[in-house]
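Data first, discussion second: the structure below is written as structure tokens.
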Amino acid sequence: MAHKLAIAISGAVSLGSYEAGVMYEVLEAIAQHNEKPATEDSDRIEIDVITGASAGAMTAGVLAQKLLCDSDRVSLREPYNNPLYNSWVEDVDIDQLLTRHSPNNYSSSLLSSDVVDDIANKYILNQPTVKPHPSAAKEVYVGIAMSNLNGWDYTVEPRNKDGDGEFTYTRYKDRFVCRLNSSNDNVGLTEISLSHSSNSTEKDTWDDMRPASWDILRECCLSSGAFPFAFAPRIIRREPGKGEFKGRVDAKYTYTDGGIFENEPLGLAKKLAEWIDSKDNSNRENRNEPNRFYLYIAPENKKTTANNDVGRSPSAPADLWNTLQALVAAIFHQSRFQDWIIKDLDNTTPIFQITATDDELIGEVFSAFAGFLDIRFRFHDYNIGRESARAALIRFSKPAKVKPNPNLVHWDAPGHLLSANDWNRPIKQDDRGNPTDQTQNVNRAQFVRLARTNSLSALLNVVDEKKRKLIYDELIKRIDALIDFFNEKLDEIDESKTNKFPWDGVGRRIGLKPILLPLAKIFLKSQLGLTFFNIFKGR
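Once you know that position 416 of the sequence shown is 1154 in the working numbering, the rest is easy, because the numbers rise by one and skip nothing.
Pasting the structure below:
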């Protein structure tokens, strides 16, 4: 039996570019290993499980198809022309996300979902050509973390139901899991569901529910990537099923960012992988090393969120304000806690991770949206992903068999690529640290400095002025529309009152926009580095 690898990809927003860089290196390393003539079947490494949340779900959906349908035209084998690179670096940018958004939809989201739809349709095809990547297993399981805003009920009927009614819990944490099985000319998709065993000695199982399709997988990936307020929630029809979905009614449900409840879907990957391995008890026979491995990919590693101050420190007494803050944080982080962690504390589950630090990544700024501002930022983070993966592969292999990557290229200015040597060239600076040669464009040292500043205004100053003006114009349109939107909602509240004063809403309608809009213009122009003169320029 080959070594099996389950991959979990976390949410990342624009840092999907980093995760794409990591995935390229991992896939290429496995492909080169498996293609060596000396590699025995028992030494092969095969990816059979991929799970993702939010941006990671988008990557997981594309990867699941391309592992079994790796096209000659845009192959996973090409470092700067593969589906993951193209979708996360080339095809998504703030200008399209802003300008392709209809004003009629401003009340639903700030950015265009149409852009993301086009990317998903481009890389998750309805009729792909079967051509397995060298790292693909014969069957690939993909799991997408989802957040159901409607929820569905689990109801238990108590013995005294006539007197005290039903006992009902509502679940909002949702997911879509399917098995991909390839034949000579087709890939079959089957949605599966987890069924919990009532017998403590038996393992939980994943049961077939119904045939699925690339359309369904694509839509579920898009729903998981619908970051709240930035992108519109997705409406998806889901049907009743077996096991955990037995109580779900046939209806349309509203979905938002899948990372809300399960941003690190490693637990889902483990549930799938353990069940797959249990079906073949020969997996570990006559082997001194484990046959199953897990890889967790994220822009940063998991850190403690424990609140060690509230109620313990004189500077953070358990007053109303500190208790409120601690309560909100506790509810949010507890919703993401994974029970498998408790079970695995003393286990030897072979989990590897590839992560970076905040000061290495440009896209980490502005809640990880900064990468959308400029293709060079995404390109930088993609290469940081490649370098992180290369370093991790060196650490994983004993003795080290992986050499530094010889084929990294970098952005100098839009449309211009540099070799690794040019990218690392020193910058001539004056005493204040400013470049003395204005013909010398941005190089690696400057991008590293940008990443470490953790400053949105510093990043915006690198963005082309024409794009900054476009960002300003589009954001002002949204602020204007949202003021009107909230005014309308407040007016509805006024109209519903039985006892209201004649002047209700008048002061708000007269005073809110004339005050807020000019302030917003001043703030945005200062942040975007536009001239003071343009603050008062009529638009």
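A virtual CB, placed ideally from N, CA and C, is assigned to each residue, including glycine.
Residue i versus residue j - alpha carbon distance
i	j	result
SER731	GLU1002	As shown, the chain starts at 739 and ends at 1277. That puts residue 731 outside it, with no answer to give.
LYS1215	LYS1227	19 Å
ALA1219	ARG1187	37 Å
ILE973	PHE983	18 Å
LEU927	ASP1082	31 Å
LYS1204	LYS1263	13 Å
GLY1049	HIS934	40 Å
LEU753	TYR762	14 Å
ASP852	LEU765	29 Å
GLN1063	GLU929	40 Å
ASN1121	ALA795	21 Å
THR1095	THR1042	15 Å
ARG811	GLN803	15 Å
GLU877	ASN922	13 Å
GLY979	SER931	7 Å
ARG1025	PHE905	Residue placement at ARG1025 is poorly supported in this model, since its pLDDT is 47, which falls under 50; the coordinates still yield a value, given next. Straight-line Cα distance between these residues: approximately 49 Å.
LEU1268	ARG1116	23 Å
ASP942	GLN1072	24 Å
TRP944	ASN1199	51 Å
ILE1260	ASN1192	22 Å
VAL925	LEU806	8 Å
ASP1160	TYR756	Because the pLDDT of ASP1160 is 49, which lies under 50, any placement of that residue in the model is unreliable, and the question is left without a value.
THR1087	SER845	46 Å
ALA750	SER1016	32 Å
PHE967	SER748	20 Å
SER873	ASP779	12 Å
LEU714	GLN1265	Nothing in the structure corresponds to residue 714, since the chain is present only between 739 and 1277.
ASN898	LYS1008	39 Å
PRO1252	PHE1223	15 Å
GLU773	GLY1123	24 Å
ILE1092	ARG1206	34 Å
ASP856	ASN1060	44 Å
ASN1172	ALA1196	Residue placement at ASN1172 is poorly supported in this model, since its pLDDT is 49, which falls under 50; the coordinates still yield a value, given next. Going by the C-alpha atoms only, they are around 14 Å apart.
ALA1044	PHE1075	12 Å
LEU1208	LEU1250	25 Å
PRO775	THR797	31 Å
Neighbourhood of residue i by C-beta distance below 6 Å, restricted to the same chain and skipping five residues each side
i	result
SER850	LEU835, ARG838 and HIS839
TYR892	TYR907 and GLY985
HIS1118	ILE1100 and PHE1185
GLU1212	LEU836
GLY1276	Its pLDDT being 43, under 50, GLY1276 is placed unreliably by the model, and nothing is read from it.
ASP1077	none
LEU1006	THR789 and GLY881
ALA1258	ILE1217
LEU955	GLY799
Residue(s) in a DSSP beta bridge with residue i
i	result
GLY1333	Nothing in the structure corresponds to residue 1333, since the chain is present only between 739 and 1277.
ASP1047	Its beta-bridge partners do not exist; DSSP assigns none.
TYR1032	ALA744 and ILE1089
LYS869	CYS807
ASN922	Looking at the DSSP assignment, ASN922 forms no beta bridge with any residue, so it has no partner.
ASP891	THR908
VAL992	Val is not the amino acid found at residue 992; the sequence shown has Thr there. The partner list for THR992 (beta bridge, DSSP) reads ILE973.
ASN886	TYR993
LEU927	LEU918
ALA874	ILE785
SER933	THR943
Sequence-distant residues of the same chain with beta carbon closer than 8 Å to residue i, five excluded per side
i	result
ARG1190	ASP1097
THR777	HIS771
PHE1090	PHE1031, TYR1032, LEU1033, TYR1034, ALA1130 and PHE1134
LEU1255	ILE1214, ILE1217, ASP1218 and ILE1221
LEU1010	ALA744, VAL787, THR789, TYR879, GLY881, VAL915 and TRP944
VAL868	LEU806, CYS807, SER920, SER921, ASN922, ASP923, ASN924 and VAL925
VAL827	SER755, ALA758, ILE1113, ARG1116, PHE1117 and TYR1120
Own chain, CB closer than 7 Å to residue i, minus 5 neighbours either side, in chain order
i	result
MET884	ASP912, ARG913, PHE914, CYS958, SER961, SER962, TYR993 and GLY996
PRO971	LEU887, ALA964, THR992, TYR993 and THR994
ARG909	GLY889, TRP890 and TYR892
PRO841	LYS1215 and ALA1219
VAL894	PHE905
Proximity test, residue i beta-carbon vs the ligand PLP heavy atom, cut-off 7 Å
i	result
ASP1229	With respect to the ligand PLP, the structure shown offers nothing to examine, as it has no ligands at all.
- Query: On the three-pair Cβ rule with 8 Å, is the region 944-951 touching the region 785-796?
  - Reply: Segments in contact, no.
- Along the chain, which unbroken stretches of the beta strand (DSSP E) at least 3 residues long are found entirely within the region 755-839? 783-790
- Pair every Cβ in the region 813-827 with every Cβ in the region 858-867, then say whether three or more of these pairs are closer than 8 Å. yes
- Taking only runs that begin and end inside the region 935-987, name each unbroken beta strand (DSSP E) of 3 or more residues, in chain order. 943-949 and 972-976
- Would the region 1099-1107 and the region 1051-1071 be scored as touching if the rule is three or more Cβ pairs under 8 Å? no
- Task: Pair every Cβ in the region 771-786 with every Cβ in the region 984-992, then say whether three or more of these pairs are closer than 8 Å.
- Result: Not touching, per the Cβ criterion.
- Three or more C-beta pairs below 8 Å linking the region 1107-1116 and the region 1037-1048: no
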